[in-house]
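S.K.: Quick one: this structure, given as structure tokens, is what I'll be asking you about.
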Amino acid sequence: MGGGVPPATAARRTGHLAGTIGGMDFRDSPEESRFRAEVAAWIQDSLPAALKGDGGEGEWGQLSSGHERDRAAMAEWRRRLQSRGWVAPAWPRRYGGAELPVMQQFVLKEEMARARAPRFGGVGIGWVAPTLMQFGADWMKERFIANILSGAERWCQGFSEPGAGSDLASVQTRAVRDGDDYVVDGQKIWTSGAHISDWMILLARTDPTAPKHRGLSYFLLDMKTPGITLSPIINMAGNSGFNQVFFEAVRVPARNMVGEENRGWYVAATTLDFERSLVDLCVEYEAILHELLAWARRAQPAGLTAETRHAMVEMLIQVRVARTLSLRVVSMQNRGTQPNYEASIVKLFASELEQRMATVAFHLGGMLSQLTDRGAHPATPVMGRLGRFQLHSVAATIGGGTSEVQRNIVATRGLGLPRV
Ligand SMILES: Cc1cc2nc3c(=O)[nH]c(=O)nc-3n(C[C@H](O)[C@H](O)[C@H](O)COP(=O)(O)OP(=O)(O)OC[C@H]3O[C@@H](n4cnc5c(N)ncnc54)[C@H](O)[C@@H]3O)c2cc1C
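Residue 737 in our numbering is what sits at position 208 of the sequence shown, and the numbering runs on without skipping anything.
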């Protein structure tokens, strides 16, 4: 953030809150403004036609992953993005990233989200590789990071268990040393993408006698290892994105441990820190809101009802609030400060906002919102997106840390209230 661009110009360029409010300067600096224009033009030129707009395929919510989109177009998009180092723009150049400064990463994310361009992140790029850069042995960096960047190998996160979610340190899956291996027995749950992953980051208990945070270790597990069984979980929207994963005498080479034995909690905490920096969600929400508005205009050709107008304005205000909250996180990162409860505020507000938006969309569509098939019935509004958005949004306040847990963080670390 900086000065130099007149508010009206910045507002035209970004379509966002711009100007100075209460001493805070929300405008792009001249350099950021130039970068924004460059990125927007580049995306316009480079995004394959099959991925432009929603291509008739995109979802509301979980937009950026590009699941279900044209595979050849996705591969081409990845190649073009990588030609700029923008598949993993935050990574160091030596690993194929672009080493973009924090503000430029944010601008890039915003412009990608605004163009509804699929992004490549997820477990491998977002969490595993940065964790390996910090804690991994040299062979791990060489063996895994390039394949994560190219998409040649996919990763899943094996942390949660039936009795260990919010309280992750309660992990019970055991890993017992046997010669050059550890032997793993136990169960994980809610493991997103395990069925399409080549590798898992696995948190397992290596010392059951130690206090619970101190007896855990962090492994890289080849999903083809004998003894691993998957059982898909069908969510309420009818998708099987996540799984239960069972381990029976699964042998993991000891060299696949990241960091030291029984110090895995600290490695996992680093992974979760990467997971919790969700600063660009609100940009996706604004894009959803614009699509929702376009749909409402089609559905109400005589003009939007007062109820619709009020609902849209209310949602837009909340989306802008979310953006302002996320800018606080970005500006802290920009100053080299580690966001803490501030990131929890964004996660809390943005995920609950997603649910409020989904409810508004659902109500606007009326009874027909319940039709979630992709246009199987001619009366299905917007190819069933309203209903699917509503069903998918339920998970937003659970995954990545529940709302209650975020509130606890804000209460204790932000407001200094006592733990009870
Ligand atoms: C879409 C989705 C994808 C996921 N993907 C993965 C994945 O790939 N890998 C993985 O390891 N995990 C994954 N998870 C699991 C996720 O991390 C957990 O669901 C989450 O941490 C909550 O844990 P839990 O489900 O065990 O609920 P619990 O922790 O059992 O919580 C149950 C309820 O109790 C509340 N609660 C718990 N503790 C407290 C407290 N101290 N104070 C107040 N209230 C509390 C919670 O807020 C919640 O309402 C995913 C979850 C979702 C929804």
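Cβ coordinates follow ideal geometry from the N, Cα and C atoms, glycine included.
Could you name the residues that DSSP lists as bridge partners for M729?
M.R.: According to DSSP, M729 bridges with C685 and L750.
S.K.: Go to S880, then tell me how far its beta strand (DSSP E) extends in each direction, as first and last residue.
M.R.: First-last for S880: Y870 to G894, but that is the alpha helix (DSSP H), not the beta strand (DSSP E).
S.K.: So, L950 versus A879, is the Cβ gap smaller than 8 Å?
M.R.: Since the displayed the chain opens at 530 and closes at 949, residue 950 lies outside it and no answer follows.
S.K.: Could you round the C-beta distance between G626 and P618 to whole angstroms and report it? I think they count as a contact, below 8 Å.
M.R.: Going by Cβ atoms, the distance from G626 to P618 rounds to 6 Å, so yes, they are a contact pair.
S.K.: Kindly identify the DSSP beta-bridge partner or partners of F771.
M.R.: According to DSSP, which records beta bridges pairwise, F771 is partnered with S721 and I762.
S.K.: If you measure from the CB of C685, is any heavy atom of ligand 1 nearer than 7 Å?
M.R.: Yes.
S.K.: Does the beta carbon of V842 fall short of 7 Å from some heavy atom of ligand 1?
M.R.: Because no heavy atom of ligand 1 lies under 7 Å away, the Cβ of V842 does not count as near it: no.
S.K.: Could you spell out the range, first to last residue, of the beta strand (DSSP E) harbouring R703?
M.R.: Unbroken beta strand (DSSP E) run through R703: R703 to D707.
S.K.: With hydrogens ignored, establish whether the beta-carbon of F776 is closer than 7 Å to any heavy atom of ligand 1.
M.R.: It does not: the Cβ of F776 is nowhere closer than 7 Å to a heavy atom of ligand 1.
S.K.: What did DSSP end up calling A646 once you bin it into helix, strand or coil?
M.R.: It is coil, neither helix nor strand.
S.K.: For a quick check, are the C-beta atoms of F771 and I757 less than 8 Å apart?
M.R.: Their beta carbons are not under 8 Å apart, which means F771 does not touch I757 by this criterion.
S.K.: Could you tell me the boundaries of the alpha helix (DSSP H) in which K670 lies?
M.R.: From DSSP, the alpha helix (DSSP H) with K670 extends over D667 to S679.
S.K.: Taking all protein chains shown into account, decide if A539 is buried (16 or more other Cβ within 10 angstroms of its Cβ) or exposed.
M.R.: For A539, the pLDDT reaches just 38, beneath the cut-off of 50, and the residue's location in the model is therefore unreliable, leaving the point undetermined.
S.K.: Suppose you measure from the CA of F1006 to the CA of L610; what does that come to, to the nearest Å?
M.R.: Residue numbering for the chain in the displayed model covers 530 to 949; residue 1006 lies beyond these limits and cannot be assessed.
S.K.: Measuring only the C-alpha atoms, how far is E843 from V812?
M.R.: In a straight line, the C-alpha of E843 is about 16 Å away from that of V812.
S.K.: Measuring only from the beta carbon, is E933 closer than 7 Å to any heavy atom that is part of ligand 1?
M.R.: Checking the Cβ of E933 against ligand 1 gives yes.
S.K.: Expressed to the nearest angstrom, what Euclidean distance is found between the alpha-carbon atoms of I817 and R914?
M.R.: So the alpha carbons of these two residues sit roughly 11 Å apart.
S.K.: Going by C-alpha to C-alpha distance, which of E682, D751, D599 and V796 sits closest to V953?
M.R.: Absent from the structure is residue 953, since the part of the chain shown begins at 530 and ends at 949.
S.K.: At least one CB of chain C closer than 8 Å to the CB of R827: is that the case?
M.R.: No chain C is part of this structure, which consists of one protein chain only.
S.K.: Quick one: give me the first and last residue of the alpha helix (DSSP H) that A823 is part of.
M.R.: First-last of the alpha helix (DSSP H) with A823: L810 to A828.
S.K.: Using only the alpha-carbon positions, how far apart do A537 and R556 sit?
M.R.: Model confidence at A537 stands at a pLDDT of 37, short of 50, so the residue's coordinates are unreliable; what they give is reported in the following sentence. Between A537 and R556, the C-alpha separation is close to 10 Å.
S.K.: Buried or exposed: where does H921 fall if 16 or more other Cβ atoms within 10 Å of its Cβ makes it buried?
M.R.: That one is buried.
S.K.: Could you pull the start and end residues of the alpha helix (DSSP H) that P559 belongs to?
M.R.: Unbroken alpha helix (DSSP H) run through P559: P559 to S575.
S.K.: Among the residues of its own chain, which have a CB less than 7 Å from the CB of Q935, if the five just before and after it don't count?
M.R.: Contacts found: S873, K876 and L877.
S.K.: Mind checking whether I677 and A658 have CB atoms under 8 Å apart?
M.R.: Against a cut-off of 8 Å, the Cβ pair of A658 and I677 comes out as a contact.
S.K.: Taking 7 Å as the cut-off, does the CB of G928 come closer than this to any heavy atom belonging to ligand 1?
M.R.: For ligand 1, at least one heavy atom lies less than 7 Å from the Cβ of G928.
S.K.: Could you work out which residue in G943, N937, V616 and P630 is closest to S695 when comparing CA atoms only?
M.R.: Checked all of G943, N937, V616 and P630; the closest Cα to S695 is N937.
S.K.: Is the beta carbon of H568 less than 8 Å from the beta carbon of L637?
M.R.: As written in the sequence, residue 568 is Val, which differs from the His given in the question. Taking 8 Å as the Cβ cut-off, V568 and L637 qualify as a contacting pair.
S.K.: Is D714 close to ligand 1? I mean its beta-carbon at under 7 Å from any heavy atom of the ligand.
M.R.: False, no ligand heavy atom lies under 7 Å from that Cβ.
S.K.: Can you check which of these residues, V712, L745 and G943, is closest to P868 by C-alpha distance?
M.R.: Of V712, L745 and G943, the residue nearest in Cα terms is G943.
S.K.: Expressed to the nearest angstrom, what Euclidean distance is found between the alpha-carbon atoms of P947 and T941?
M.R.: When rounded, the distance between both Cα atoms is 6 Å.
S.K.: Do you know how far the Cα of P907 is from the Cα of T926?
M.R.: Straight-line Cα distance between these residues: approximately 32 Å.
S.K.: From A666 to R743, what distance separates their C-alpha atoms?
M.R.: Cα to Cα, A666 sits roughly 21 Å from R743.
S.K.: With a 10 Å radius around its C-beta and 16 neighbouring C-beta atoms as the bar for buried, classify M669 as buried or exposed.
M.R.: M669 comes out buried.
S.K.: Buried or exposed: which applies to M632, given that a residue is buried once 16 or more other Cβ atoms fall within 10 Å of its Cβ?
M.R.: It counts as buried.
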